[in-house]
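Numbering (the working numbering), first residue to last: 11 to 304.
One structure is given below, encoded as structure tokens.
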Ligand SMILES: Nc1ncnc2c1ncn2[C@@H]1O[C@H](COP(=O)(O)OP(=O)(O)OP(=O)(O)O)[C@@H](O)[C@H]1O
Ligand SMILES: [Mg+2]
């Protein structure tokens with residue numbers, strides 16, 4: 011991730027984004043997009059185009075090869091900026107704030123969004139998906155055999171994960187307590203901030219009540235056909251009034267052959283945490299049957 015994505019974003023001009031978009035489009039067909047194709051797309055004259063390409067290269071936003079021909083690639087840095095540009099243009103985002111954390115498969119930032127009717131600004135979360143990152147490296151190592159087919163697999167994986175997560179949030183919200191989804195573009199999701207703090211980092215005074223609320227959410231999601239699939243104390247936020255379950259891209263449909271197994275694992279993780287930290291005992295099988303409405 012860029013050190014200061016916000017000031018980088020602010021310093022870019024429309025022609026920078028045109029060049030990014032030209033390369034993004036070209037990457038559907040080329041691993042390294044020939045400079046002629048970028049030029050055709052952007053319609054910038056060659057000296058302007060060269061200036062912008064050089065400038066983006068200096069900023070670490072482009073990758074370049076010169077042999078056997080001059081060609082360009084974007085990676086997550088550029089892709090993130092393209093997504094931000096789209097989100098800002100359609101008023102889903104007005105400012106980018108601090109980085110909140112780096113997960114296994116995402117980078118999460120705070121942001122702000124103008125509310126409709128000039129009602130001030132709403133703090134939001136920006137989740138930059140990173141799913142293709144490791145497989146991209148593996149693909150790179152094996153590339154000789156793949157004949158360039160997978161050169162945009164990281165874009166595909168990260169974009170698909172963001173789309174999946176955004177869609178499932180829409181499906182679950184508001185009946186299930188998940189962050190309100192706001193918008194998504196490419197690999198980035200904008201959503202409301204979960205209230206309170208991570209369950210793993212919080213000492214709650216009434217653990218029974220919180221455990222019941224979490225299991226209620228698991229049951230409500232199941233009733234809508236969804237199993238979280240990565241539930242733990244790290245993906246639950248708790249406040250005085252409620253719990254919120256975050257981090258849904260790996261969810262499973264209840265019809266999935268492994269849904270039962272993952273539901274049980276989700277419940278087991280939660281019960282194990284409450285047992286370890288608060289000494290609460292619940293019967294796993296009974297709880298799983300309960301949340302699955304059986
Ligand atoms: N809506 C939200 N409100 C508040 N904080 C959030 C929200 N979404 C994500 N975060 C913060 O960002 C962290 C990473 O987000 P998330 O768990 O969705 O991604 P992840 O990459 O799957 O992370 P991990 O691999 O650590 O589970 C969370 O643990 C949480 O601290
Ligand atoms: Mg998480």
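Ideal placement from N, C-alpha and C gives every residue a C-beta, glycine not left out.
CB-CB length for residue i against residue j, believed under 8 angstroms
i	j	result
residue 136	residue 119	4 angstroms
residue 134	residue 200	5 angstroms
residue 85	residue 73	6 angstroms
residue 42	residue 81	3 angstroms
residue 27	residue 92	7 angstroms
residue 239	residue 261	5 angstroms
residue 253	residue 187	6 angstroms
residue 174	residue 259	5 angstroms
residue 255	residue 227	5 angstroms
residue 107	residue 121	6 angstroms
residue 101	residue 65	Actually they are not in contact, since the Cβ atoms of residue 101 and residue 65 sit about 28 angstroms apart, beyond 8 angstroms.
Sub-9 angstroms separation of residue i and residue j beta-carbons
i	j	result
residue 272	residue 301	no
residue 209	residue 277	no
residue 63	residue 48	yes
residue 280	residue 243	yes
residue 71	residue 138	no
residue 33	residue 90	no
residue 230	residue 190	no
residue 96	residue 195	yes
residue 131	residue 202	no
residue 221	residue 275	no
residue 117	residue 19	no
Residue i versus residue j: straight-line alpha-carbon distance, rounded
i	j	result
residue 142	residue 163	7 angstroms
residue 249	residue 288	17 angstroms
residue 52	residue 172	27 angstroms
residue 140	residue 94	15 angstroms
residue 284	residue 205	20 angstroms
residue 17	residue 112	20 angstroms
residue 38	residue 303	45 angstroms
residue 183	residue 79	49 angstroms
residue 105	residue 193	15 angstroms
residue 21	residue 257	31 angstroms
residue 170	residue 115	13 angstroms
residue 247	residue 54	48 angstroms
residue 211	residue 286	14 angstroms
residue 40	residue 50	15 angstroms
Residue i, buried or exposed, once every other Cβ within 10 Å from all chains shown has been counted against 16
i	result
residue 218	exposed
residue 291	exposed
residue 24	exposed
residue 216	exposed
residue 166	exposed
residue 75	exposed
residue 269	buried
residue 168	buried
residue 198	buried
Any non-hydrogen atom of ligand 3 within 8 angstroms of residue i CB
i	result
residue 263	Ligand 3 is not among the ligands present in this structure, which contains only ligand 1 and ligand 2.
*Name all residues in chain order for which at least one heavy atom of ligand 1 lies closer than 7 angstroms to the residue's CB.*
That gives 110, 111, 113, 114, 115, 116, 118, 135, 137, 189, 201, 202, 203, 204, 208, 240, 244, 245, 247, 256 and 257.
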